[in-house]
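Enquirer: In this note's numbering, each number is its position in the sequence shown, counted from 1, plus 15. Where a beta carbon is used, it is the ideal one built from N, C-alpha and C, also for glycine. Before anything else, here's the structure in question.
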Amino acid sequence: MFERKKFVGIIQDSMRVSLNWLKELVDVNLSPEKLGKILTIAGFELEAIEDLRANADGVVVGKVIKRDRHPNADKLSVCVVDVGTETPLNIVCGAANVRADIYVPVATVGTYLPAIDLKLKRTKLRGEPSEGMICSLTELGLETESDGIYIFPTENLQPGDDVRPLLGLDDVILDLATTANRADALSMVGIAREVAALTDKTVRLPQIPEIDISQNNSLSIEIEDKQACPAYIGTVIEDVKLAGSPDWLRRRLQNAGVRPINNVVDITNYVLLEWGQPLHAFDREKLQQVAGKSDLTIGVRFAKTQETLKTLDDKERSLSDRNLLITANDQPVALAGVMGGAATEVDNNTQNIVLEAALFDPVTIRRSSRAVSLHSEASTRYERGVNQVEIDAASNRAISLLQELTGGNAIAQTIADNRVASGSKSTIELRLSRIHQVLGTVRAENGSGYIEATDVESILSALGCKLETVSESERVWRVTIPPYRYRDLEREIDLIEEVARLYGYDRFEDTLPAKTEPGYLSFEYYVKNKLRTTFRGVGLTEVVHYSLVKPTGKEIALANPLFAEYSALRIDLLSGLIDALAYNLSQGNGALNGFEIERVFVPTENNLQETDVVAGIMGGNLFSSGLWVTGGKEKPMTWYEAKGILDNVFTNLGLSVAYQPETNEDRLHPGRTASLWLEGKSLGIFGQLHPQLGQQRDLPEEVYLFQLAFDVLLAALEREELITPKFQAYSTYPGAVRDLAFFAPMELSVAALERAMSKAGGKLLQEIAIFDEYKGKNVPEGQRSLAFNLIYRASDRTLSDKDVDPVHQKVRDTLVKKFDVTLRS
């Protein structure tokens, strides 16, 4: 497994590609800029080019001929250094390890060192002239800290030679962003294959010698879930000698953004970067100590409840049944595919190791990684899908390097292989006619046309696909997918995308089709825009919340959430609006008057239903400019004012909404909540915030909420007269005003009274408005006094008392007869 325990940096889903390393795998004669452009067009965005050559431009090999103590400073030395010029340089050096007859990197006068932002010039240090600087690796950008100057281990170098090839600074790094479907692109071999296909070159894979390792019973493997771990290779290597890695290996890791640790760990990291196969080395003796005996059984199983594991980053991890573990005799020693355990870490005392090379299910590793909030280079690759065929090659490559660089001896190997047989490779049928239909015309050397069949065959063959012609006349192929692309090449359209990508998006025709249709908004989107405009028109501000919320028990919990705070799907919008109001008040921004049009998720018996909802909250002063009237204090909004705002919205939309008493919503006041009905269908709910909830959340009492079903609004608004309003003539004659007051039972709703009065008043009764409600002294018990303003109007004449009085009396009689009210006027 790839370890970054001591690496300072951020693990990213990108690949730092060394141009020198790449040239060993494929012939690349392009400039870094040109190669980066080709890769960007092909889908691998070039984020940066890091030219390491600039770190030591002007730095040469120097030989220290003579070293004397500085006459005026105890910690300084005066050195005579041969840098290949006619006259040796006099350089003052402060390093304790400088001495005569060593070869060192020397920055000559005029050299700029970007790592320390310094340009060298002739100077005097404590009275002695200095004509350059003997450099440490820190000053050349290769290390963060150095104990002294760098001394070349090789003797007989030529003074004056460029130091960059000797230090690996003759390289250029391409930082490529990779997409989630391209697991193969997180390896040098994968990038080399891509470059070869784009430049019509041949890939040279690293040579891996055949390794014959006996299989015995000293190491056994038990896999509990063969789908979670299709293959596991365990190799015992004895007599390894831990030391620093050779310079070539150290430089390659550093250029890839990885800090070298020791030769064993560095080799596993190197193979990961080269092949994209994560590996992990266990200390065998530590495994035996954890297991409790010398005979080891490496197991792969899911964690049990309350199990813990200290990982290599020295953090104690609480595990769940989502975590896949590597065990030694059933004792946890590593988080499979994520990070090793601290108890079995390879250190300077290690003599024997067990090398792990395994395949893990991408979904399993993704869930395990997120369950403990731990992301590593290993998990990044396993989550995307590791090549199932080349695990053996990567394992043998690592074993070969371990034997070469550590002197180890591979004595035993055990393999548990449950992979699908390599003969059952994925095949896809590809039609040339479908390619032409999807991609259209392209620019070719002989003008515009369609992509030729020979181009298709050439592109897919370069990607490692094998093509078999099924129909010569219609140009249909059966395409066999290479194993390193099995995760992202699954359908015909995937192959068409590969043809387009390698043919070059910049070669496609950029003209529009001859026949086009004007763009338009769908009716659903049109209605949403109309609702937004209407709500903004009555003074409400649109707010937007995440669909993911913190679970409280009612929401729909996610099986594999990213964060605990967003681990459930919301079932309504009211909770989010109440939270927004509380946050606004806590920040001193006042109450919120807002609305939201978003999607919620409603559980059904066998499924999950998604639906759009319109909701709002009102609790602030809509007319802040009038505070001078109230002495600078906000006037609380009344229930009728909030209802009036909502009614104004319905009026502007041309809808007639009925209100009915409602007591089933526990977040709203049971005596001040109404269900809303539109054309006989349940539209939603409107009411005042429940006082208990207000006290719990430290919210004012005068807060009102509503939630409306968007599909009911959509159906009601899908009428021609509402979509395209038509002018209706209004009466030019004055109306006749009558007041009506009476005692009515408390349980009798105003909406029911208004419906009865409107029906009794007929065409002449145009407006009904309640203007007074009174409960208390001189009002019968269990009743309230209501007063309405009724306006009668005709379109063709001024109404007289003879016209109005009979109709008004009918309204009065209807109320008495139907509701048994007691008239007062």
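Counting C-beta neighbours from all protein chains within 10 Å, is the total for N284 16 or more, i.e. buried, or is it exposed?
Expert: Indexing the sequence shown from 1 puts residue 284 at position 269. Buried.
Enquirer: Within the continuous beta strand (DSSP E) that includes A579, where are the two ends?
Expert: Residue numbering aside, residue 579 sits at position 564 when the sequence shown is read from its first letter. First-last for A579: undefined, no H or E at that position.
Enquirer: Distance check for V255 and Y247, CA to CA, integer angstroms please.
Expert: As a working note, residue 247 is residue 232 in the sequence shown. As a working note, residue 255 is residue 240 in the sequence shown. Rounded to whole angstroms, Y247 to V255 spans 22 Å at the Cα level.
Enquirer: Is the CB-CB distance between A492 and E472 below 9 Å?
Expert: Reading the sequence shown from its first residue, position 477 is the one you call residue 492. Reading the sequence shown from its first residue, position 457 is the one you call residue 472. One point to set straight first is that residue 492 is Trp, not Ala, in the sequence displayed. In this structure, E472 lies closer than 9 Å to W492 by Cβ.
Enquirer: Taking the alpha-carbon of L220 as reference, which of E39, N44, R31 has the nearest alpha-carbon?
Expert: Here residue 220 is taken as the residue at index 205 of the sequence shown, counted from 1. The option with the nearest alpha carbon to L220 is E39.
Enquirer: Give the DSSP-derived three-state secondary structure of T138 in the structure shown.
Expert: Along the sequence shown, read from residue 1 onward, the residue named residue 138 stands at position 123. Correct three-state label for T138: strand.
Enquirer: Can you tell me whether DSSP reads D594 as helix, strand or coil?
Expert: Indexing the sequence shown from 1 puts residue 594 at position 579. Three-state DSSP puts D594 in a helix.
Enquirer: To the nearest whole angstrom, what separates the beta carbons of S335 and A318, a pair I think is in contact under 8 Å?
Expert: In the sequence shown, residue 335 corresponds to position 320, counting from 1. In the sequence shown, residue 318 corresponds to position 303, counting from 1. Sure, about 6 Å apart at Cβ, within 8 Å.
Enquirer: What's the gap between the Cα of A583 and the Cα of E613?
Expert: Indexing the sequence shown from 1 puts residue 583 at position 568. Indexing the sequence shown from 1 puts residue 613 at position 598. One C-alpha to the other measures close to 16 Å.
Enquirer: Which residues in the same chain have their Cβ closer than 6 Å to the Cβ of T2, if we skip the five residues on either side of it in sequence?
Expert: Only positions 16 to 840 of the chain appear in the structure, and residue 2 is not among them; the question remains open.
Enquirer: Could you name each continuous beta strand (DSSP E) segment of 3 residues or more that falls completely within the region 400-476, going from the start of the chain to the end?
Expert: Entirely contained in the region 400-476, the beta strand (DSSP E) runs reaching 3 residues are, in chain order, 424-432, 442-446, 457-459, 462-464.
Enquirer: Let me check understanding here. Comparing Cα to Cα, which of K650, T678, S384, L693 lies closest to L670?
Expert: Position 655 of the sequence shown holds residue 670. When only C-alpha atoms are compared, the closest one is L693.
Enquirer: Output the distance between the C-alpha atoms of V279 and L417, rounded to the nearest integer angstrom.
Expert: Position 264 of the sequence shown, counting from 1, holds the residue named residue 279. Position 402 of the sequence shown, counting from 1, holds the residue named residue 417. Using only the alpha carbons, I get a separation of about 7 Å.
Enquirer: So, under 8 Å CB-CB, A724 and V628 are touching, yes? Tell me the CB distance rounded to an integer number of Å.
Expert: Looking up residue 724 in the sequence shown gives position 709. Looking up residue 628 in the sequence shown gives position 613. With 8 Å as the limit, A724 and V628 qualify as a contact, their Cβ atoms being about 7 Å apart.
Enquirer: I need the DSSP call for A572, collapsed to helix, strand or coil.
Expert: By 1-based counting over the sequence shown, the position of residue 572 is 557. Three-state DSSP puts A572 in a strand.
Enquirer: Within 10 angstroms of its Cβ, does H823 collect 16 or more other Cβ (buried), or is it exposed?
Expert: The residue you call residue 823 lines up with position 808 of the sequence shown. Buried is the call here.
Enquirer: Taking Cβ to Cβ, would you say V353 is nearer than 9 Å to S383?
Expert: Taking the first residue of the sequence shown as position 1, residue 353 is located at position 338. Taking the first residue of the sequence shown as position 1, residue 383 is located at position 368. A contact, by the Cβ cut-off of 9 Å.
Enquirer: Check each candidate in S800, Y807, Y789, G791 and name the one with the smallest Cα separation from I783.
Expert: Counting from one through the sequence shown, the residue named residue 783 turns up at place 768. Taking only the C-alpha atoms, the option nearest I783 is Y807.
Enquirer: Would you call the region 49-61 and the region 69-77 in contact, with 3 or more CB pairs under 8 Å?
Expert: Contact fails: fewer than three Cβ-Cβ distances are below 8 Å.
Enquirer: Measure the alpha-carbon distance for V43 versus G479 and round it to whole angstroms.
Expert: On the sequence shown, residue 43 is found 28 positions in, with the first residue counted as 1. On the sequence shown, residue 479 is found 464 positions in, with the first residue counted as 1. Distance between the alpha carbons of V43 and G479: 19 Å.
Enquirer: Can you tell me whether M148 is buried or exposed? The criterion is at least 16 other CB atoms within 10 Å of its CB, across all chains shown.
Expert: One-based indexing of the sequence shown puts residue 148 at position 133. M148 should be labelled buried.
Enquirer: Where does the unbroken beta strand (DSSP E) through T153 begin, and where does it stop?
Expert: Taking the sequence shown and counting its residues from 1, the one referred to as residue 153 is at position 138. Where T153 is concerned, there is no enclosing beta strand (DSSP E), given that its DSSP letter is neither H nor E.
Enquirer: For V453 and I466, I'd like the C-alpha separation in whole angstroms.
Expert: Working through the sequence shown from its first residue, we reach residue 453 at position 438. Working through the sequence shown from its first residue, we reach residue 466 at position 451. For V453 and I466, the distance between alpha carbons rounds to 11 Å.
Enquirer: From F721 to T549, what does the alpha carbon distance come to, in whole angstroms?
Expert: Taking the first residue of the sequence shown as position 1, residue 721 is located at position 706. Taking the first residue of the sequence shown as position 1, residue 549 is located at position 534. F721 and T549: Cα-Cα distance of roughly 15 Å.
Enquirer: In whole angstroms, what separates the C-alpha of V93 from that of S161?
Expert: As a first step, residue 93 is located in the sequence shown; it is residue number 78 there, counting from the start. As a first step, residue 161 is located in the sequence shown; it is residue number 146 there, counting from the start. Taking the straight line from one Cα to the other gives about 20 Å.
Enquirer: By alpha-carbon positions, which one of A69, R412, E170 ends up nearest to Y127?
Expert: Residue mapping note: residue 127 aligns to position 112 of the sequence shown, counting from 1. Per the Cα distances, A69.
Enquirer: If distances are taken between C-alpha atoms only, which option among V617, N544, K78, G109 comes closest to H85?
Expert: Stepping through the sequence shown from its first residue, residue 85 is reached at position 70. Comparing Cα-Cα distances from H85 to each of V617, N544, K78, G109, the minimum goes to G109.
Enquirer: Quick check: the Cα distance between L287 and E398, rounded to an integer number of angstroms?
Expert: By one-based count along the sequence shown, residue 287 stands at place 272. By one-based count along the sequence shown, residue 398 stands at place 383. So the alpha carbons of these two residues sit roughly 14 Å apart.
Enquirer: Just list the beta strand (DSSP E) runs in the region 181-236, keeping only unbroken ones of 3 residues or longer that don't cross its boundaries, in chain order.
Expert: Fully enclosed beta strand (DSSP E) runs of 3 or longer: 187-192.
Enquirer: Taking DSSP as the reference, what is the three-state secondary structure of P685?
Expert: Counted from its first residue, the sequence shown places residue 685 at position 670. Reduced to three states, the DSSP call for P685 is strand.
Enquirer: I believe A373 touches N344 by the beta-carbon criterion, under 8 Å. Please report the beta-carbon distance rounded to the nearest angstrom.
Expert: As a working note, residue 373 is residue 358 in the sequence shown. As a working note, residue 344 is residue 329 in the sequence shown. Incorrect: roughly 18 Å between the Cβ atoms, too far for contact.
Enquirer: What's the C-alpha gap between K52 and W290?
Expert: The residue you call residue 52 lines up with position 37 of the sequence shown. The residue you call residue 290 lines up with position 275 of the sequence shown. Cα to Cα, K52 sits roughly 24 Å from W290.
Enquirer: What do you get for R506, buried or exposed, if any count of 16 or more other CB atoms within 10 angstroms of its CB means buried?
Expert: The residue given as residue 506 occupies position 491 in the sequence shown. Burial call: exposed.
Enquirer: Starting from A775 and walking both ways along the alpha helix (DSSP H), at which residues does that stretch end?
Expert: In the sequence shown, counting from the first residue as 1, residue 775 sits at position 760. Unbroken alpha helix (DSSP H) run through A775: 765-776.
Enquirer: From the DSSP output, in three-state form, read off A529 for me.
Expert: As a working note, residue 529 is residue 514 in the sequence shown. In the structure shown, A529 sits in coil (DSSP, three-state: anything other than H, G, I, E or B).
Enquirer: Mark G400 as exposed unless 16 or more other C-beta atoms lie within 10 angstroms of its C-beta, in which case mark it buried.
Expert: One-based indexing of the sequence shown puts residue 400 at position 385. Buried, since its Cβ has 16 or more Cβ neighbours within 10 Å.
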